[in-house]
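Read in order, the letters of the sequence shown correspond to residues 57 to 273 in my numbering. We put the CB at the ideal spot given by N, CA and C, even for glycine.
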Amino acid sequence: MTESVTIRGDLELVARTEHLFSSVREEFVCAARDLHTWNHLGARHAAQERMRNSGARRVRKLYGPAAPADQRTREHMYELAGRGARVRIAATALPHETIVIDRRFAILAGVDAPGGREYTVTTAPAVVGGVYALFEAVWEHATDLGVFLSDEPPMLDTESRTVLRALGSGATDETAARELGMSLRTYRRRVAELLHTLGADSRFQAGVRAGELGLHG
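If you want it as C-alpha cells, here you go:
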C-alpha cells in the first residue's frame with residue numbers, strides 16, 4: 057500500500073483493508089461518535105469478525121458522549137468491556153473518527169455523503185504518529201464506561217439475564233450450560249462477562265450486586 061490512499065464507501069474500505077484488521081498483533085484503537093462509524097451493517101460486522109480473530113493484545117474504544125444514550129449501544133459497550141477492551145466516553149463530541157492499528161496504520165473517516173463516506177488510509181509515520189497522539193490526549197481526559205454509567209444500573213441483554221438466573225439457581229456449570237443449550241466454554245465466558253458488567257469479583261458478589269441494582273434474572 058502507498059503511504060496514503062483515499063477509499064470511498066464502507067464495502068470498498070473493508071475489501072481494501074481486511075488484511076489490516078486481521079493482522080493486528082499489539083494494539084487496536086478506535087475513536088467513534090457512536091457504533092455506526094461504518095453505516096453499512098455488513099461491512100461493520102465483517103470488520104468486527106476479523107478483529108475477533110486477530111491477535112490484538114490491547115483494544116481501546118473511545119466514543120462520543122451521546123453514544124451511550126441508546127440501550128443497544130450500552131449493551132454492546134458492556135460486551136466489548138467483557139471481552140477485555142477498554143471503553144471510555146469522551147468529554148465532548150468527537151469531530152473526527154479514526155482507527156489506529158499497531159501504530160503503523162491509521163484510517164480516518166470523512167463526513168457522511170450521499171455517495172458514501174470517504175476514508176483515508178495511511179502508513180505515513182508522521183501522520184499515524186500525530187493521529188495517535190491526538191487520540192491519547194482525548195483518551196486521557198475521557199471517562200471509563202463503568203464510571204460514566206455508574207449512576208445507572210447496567211443493561212443486561214436477555215442471555216445475560218438467563219445466565220444470572222442460572223447462577224442464582226445454584227446449578228453446576230455443566231448443568232446450567234446444558235439447560236441453556238450452550239457449550240461449557242461459552243457458558244463460562246458469559247459468566248465472566250456478567251461478572252465484569254456487574255463489577256463483581258465472584259459469583260456470590262455478582263448475585264449481591266444484582267440484588268442491590270434491582271436486576272433479576
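- Going by DSSP, residue 60 is part of the beta strand (DSSP E) stretching over 60 to 64.
- A direct Cα-to-Cα measurement between residue 234 and residue 218 gives close to 13 angstroms.
- For residue 183, no beta strand (DSSP E) encloses it; the enclosing alpha helix (DSSP H) starts and ends at 181 to 196.
- Separation of residue 163 and residue 176 (C-alpha to C-alpha, rounded to the nearest whole angstrom) is 6 angstroms.
- When secondary structure is reduced to three states using DSSP, residue 154 falls in the strand class.
- Taking a cut-off of 8 angstroms on C-beta distances, the stretch 159 to 174 does not touch the stretch 214 to 233, as fewer than three cross pairs fall below it.
- Cβ contact annotation for residue 214 (same chain, cutoff 6 angstroms, sequence separation greater than five): none.
- In the three-state reduction of the DSSP assignment, residue 80 falls in the coil class, being assigned neither a helical nor a strand state.
- Here residue 89 has 119, 120, 122, 123, 149, 150 and 153 as same chain residues with Cβ atoms under 8 angstroms from its own Cβ, once five neighbours each way along the sequence are excluded.
- Your pair residue 238 and residue 130 does not check out as a contact, with CB atoms roughly 23 angstroms apart and the cut at 8 angstroms.
- When C-beta atoms of the stretch 167 to 184 are compared with those of the stretch 194 to 209, fewer than three pairs fall below 8 angstroms, so the two segments do not count as touching.
- Between the stretch 133 to 150 and the stretch 66 to 74, the count of C-beta pairs closer than 8 angstroms stays below three; the two stretches do not touch.
- Distances from the CA of residue 114 to each of 86, 251, 128 and 91 were compared; the closest alpha carbon is that of 86.
- Residues of the same chain with a CB within less than 6 angstroms of the CB of residue 256, apart from the 5 flanking positions on each side, are 262 and 265 in chain order.
- In this chain, the alpha helix (DSSP H) harbouring residue 247 covers 240 to 254.
- Take residue 64, set aside five residues on each side of it, and the residues of its chain with a beta-carbon closer than 6 angstroms to its own are 172 and 174, in chain order.
- In the DSSP annotation of this structure, the continuous segment of the alpha helix (DSSP H) that includes residue 233 starts and ends at 229 to 236.
- Ranked by how close their Cα comes to the Cα of residue 192, the residues 83, 236, 251 and 67 have 83 in first place.
- If you ignore the 5 residues before and after residue 258, its C-beta comes within less than 8 angstroms of the C-beta of 251, all in its own chain and listed in chain order.
- Take the alpha-carbon of residue 247 and the one of residue 189: they are about 36 angstroms apart.
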